[in-house]
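**Q**
Protein chains: 2
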Amino acid sequence: MDNLLRYIRSLTNFSDTSWKMLQDALTKKAFKKNEFLLKEGQVCQSLFYIDSGYCKSYYTIDGDIKNTGFFFENEIATNISSFGNGQKSTYAIVACEALTAIVFDKDKLFQASKQNIEIEALGRNCIRLFATRQEEFSTLFNRYSAQERLEYLERKHPEMLQRVSLSQLASFLGVARETLSRIRKRRVLA
Amino acid sequence: MDNLLRYIRSLTNFSDTSWKMLQDALTKKAFKKNEFLLKEGQVCQSLFYIDSGYCKSYYTIDGDIKNTGFFFENEIATNISSFGNGQKSTYAIVACEALTAIVFDKDKLFQASKQNIEIEALGRNCIRLFATRQEEFSTLFNRYSAQERLEYLERKHPEMLQRVSLSQLASFLGVARETLSRIRKRRVLA
DNA sequence: TGAGACCTGTGATAAACGTCACAAAATTAA
DNA sequence: TTAATTTTGTGACGTTTATCACAGGTCTCA
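Keeping their order, the protein sequence lines are chains A and B.
Take my numbering: the final residue in the first sequence is number 199, and no numbers are missing along the way.
Take my numbering: the final residue in the second sequence is number 199, and no numbers are missing along the way.
#1: Quick check on residue 76(B): buried or exposed, where buried means 16 or more other Cβ atoms within 10 Å of its Cβ?
#2: Since residue 90(B) meets chain A, which of its residues come closer than 7 Å, beta carbon to beta carbon?
#3: Less than 8 Å between CB atoms is the rule here; does residue 93(B) satisfy it with respect to chain A?
#4: Can you pull the chain B neighbours of residue 136(A), defined as C-beta to C-beta under 9 Å?
#5: For a cutoff of 8 Å on Cβ pairs, would you count residue 122(B) as touching chain A?
#6: Would you call the stretch 157-174 of chain A and the stretch 71-89 of chain B in contact, with 3 or more CB pairs under 8 Å?
#7: If you follow the beta strand (DSSP E) that residue 3(A) is part of, which residue opens it and which one closes it?
#8: How long is the line joining the alpha carbons of residue 146(B) and residue 165(A), rounded to whole angstroms?
#9: Do residue 170(A) and residue 182(A) have their C-beta atoms closer together than 8 Å?
#10: Go through its chain and collect everything with a Cβ distance to residue 84(A)'s Cβ below 6 Å, but skip five positions before and after it.
#11: Does DSSP classify residue 161(B) as helix, strand or coil?
#12: Taking the beta strand (DSSP E) that residue 61(A) falls in, what are its first and last residues?
#13: For the beta strand (DSSP E) that residue 107(B) lies in, which residues bound it at each end?
#14: For residue 129(A), which residues of its own chain have a beta-carbon under 6 Å away from its beta-carbon, when the five flanking residues on both sides are left out?
#15: What whole-angstrom Cβ distance do residue 67(A) and residue 107(A) have, given they're in contact under 8 Å?
#16: Around the Cβ of residue 158(A), are there at least 16 other Cβ atoms within 10 angstroms (buried) or fewer (exposed)?
#17: Quick check on DSSP: helix, strand or coil for residue 123(B)?
#18: Rounded to whole angstroms, what's the CA-CA distance from residue 149(A) to residue 153(B)? Just pull it up for me.
#19: What does a CB cutoff of less than 7 Å around residue 43(A) pick up in its chain, not counting 5 residues either side in sequence?
#20: Would you check if the distance between the CB atom of residue 118(A) and the CB atom of residue 132(A) is smaller than 8 Å?
#21: Can you tell me the Cα-Cα spacing of residue 32(B) and residue 136(B), whole angstroms?
#22: Mapping the DSSP letters down to three states, classify residue 78(A) as helix, strand or coil.
#23: State the beta-bridge partners of residue 97(B) as determined by DSSP.
#24: Taking residue 174(A) as the query, report the chain B residues whose CB atoms sit under 7 Å from its CB, ordered along the chain.
#25: What number of angstroms, rounded off, separates the C-alpha of residue 98(A) from the C-alpha of residue 78(A)?
#26: Among 134(A), 28(A) and 80(A), which residue has its Cα nearest to the Cα of residue 46(A)?
#27: Taking the alpha carbon of residue 70(B) as the reference point, which residue from 195(B), 193(B) and 180(B) has its own alpha carbon closest?
#28: Look up residue 69(B) in the DSSP assignment and give the residues it is bridged to.
#29: By DSSP's criteria, residue 47(A) is part of a beta bridge. Which residues make up the other side?
#30: Taking C-beta pairs closer than 8 Å, name the residues in chain A that residue 66(B) reaches, listed in chain order.
#31: Which same chain residues, not among the five before or five after residue 74(B), have their C-beta less than 8 Å away from its C-beta?
#32: In the DSSP output, which residue or residues are listed as bridge partners for residue 86(B)?
#33: Please report whether the beta-carbon of residue 61(A) lies at a distance below 8 Å from any beta-carbon of chain B.
#34: Taking a contact to mean a Cβ-Cβ separation below 8 Å, would you say residue 92(B) touches residue 115(B) in this structure?
As structure tokens, then:
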């Protein structure tokens, strides 16, 4: 829980009282590799603060899967539009390694928000952070070629390259795995 | 102002009192064609509710421009990350036709939010809507080829195809103008 | 420790797309 | 209305990328 408290306090003012009140909404949960945090078609009822391990979001199309994001320690994973609007999720979130998360229950979080302004501000900040992240990757895909997207990840998200396999990364970057292998080769030689 | 009030009430409960209080934060403003709502490098201090006309967001790269979004009547245009975090905008927003907007001033809106829970909820909903829209287009670019992106726009955003020229649309879709012209031709023949 | 499952690299080939060049059509401004 | 400007269509050509096929490497777990 220490990591989470530090994370929260890096976002917003958060008193010890608020932290105690927030506890009701929190559960620690362990996921095995390949276990689902959220399935396609489910309504997302939680924010997952990742304490250890990592997970990915992906959807299925014509039988094969496409990765849409990777989430590591000290980040929040969720489907923000499903969580916010109560719609069914169009993608799944699954643990890529053994993973421990602190789960924010939506209903209990909303209850607590009504009673405590700091918890309310925390929720707002989490949504804003998520929107910013969404915009970052949206921009990435708009603006850059596959090779440039890889370079961007190397600079801004090197942890992804270290921990995610080439095939998984290719699916995320939107290129064939063979192409990514060749890009990497070109870059090593150059 | 009637359009705006209807728009707000489609999002959230909003009493006549809240509406009166909100007025302080609002200004009606007219933009000529090619006039800027937001310039690259500026900090975004406003939400622009579009009453008539339309505008686009774009950035410049290696001398040529790339469109990132189009915003029509009854939508909010802004740079949400600049507005939220006070960072300089990496893109510009410019009127594509004569345009009238109702401008929400950030500072006054924040003042009003502190005094009125409905105005606070309105702000939160606007951010959520924006995040959802961002995610929609992020997904579009992740998931689909140029041709599929065009089909998506035809189904979900036909107003864009009617009002935005082929060249402008090509820049938005991330394909050469010639390619878009050929895709369109293929689709007419098929 | 050995078999099966997954991951990576690489060649051959085809399809998609970008770029350049130029003409025709449409729009805008004087 | 006409001239200038912008937008669109189209052919030729080269580059990039996807796809298919297969070989070798690595990991996992019974």
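Note that CB positions come from ideal geometry on N, CA and C, so glycine has one too.
All figures in this text were calculated on a predicted structure; none of them were measured in a lab.
**A** Let me spell this out:
#1: buried
#2: The contacting residues are 141 and 144.
#3: yes
#4: 133, 136, 137 and 140
#5: no
#6: no
#7: Because chain A here runs from 10 to 199, residue 3(A) falls outside it and cannot be looked at.
#8: 22 Å
#9: no
#10: 59
#11: helix
#12: First-last of the beta strand (DSSP E) with residue 61(A): 55-61.
#13: First-last for residue 107(B): undefined, no H or E at that position.
#14: Excluding the 5 residues flanking it on each side, residue 129(A) has same chain C-beta neighbours closer than 6 Å at 122, in chain order.
#15: The Cβ separation is near 19 Å, so there is no contact.
#16: buried
#17: In the three-state DSSP reduction, residue 123(B) falls in the helix class (H, G or I).
#18: 15 Å
#19: 103 and 104
#20: yes
#21: Cα-Cα distance, rounded: 20 Å.
#22: strand
#23: 52(B)
#24: Result: empty, since nearest Cβ-Cβ is about 19 Å, beyond 7 Å.
#25: 14 Å
#26: It is 80(A) whose Cα lies nearest to the Cα of residue 46(A).
#27: 180(B)
#28: 74(B)
#29: 102(A)
#30: Result: empty, since nearest Cβ-Cβ is about 11 Å, beyond 8 Å.
#31: 67, 68 and 180
#32: In the DSSP assignment, residue 86(B) forms a beta bridge with 57(B).
#33: no
#34: yes
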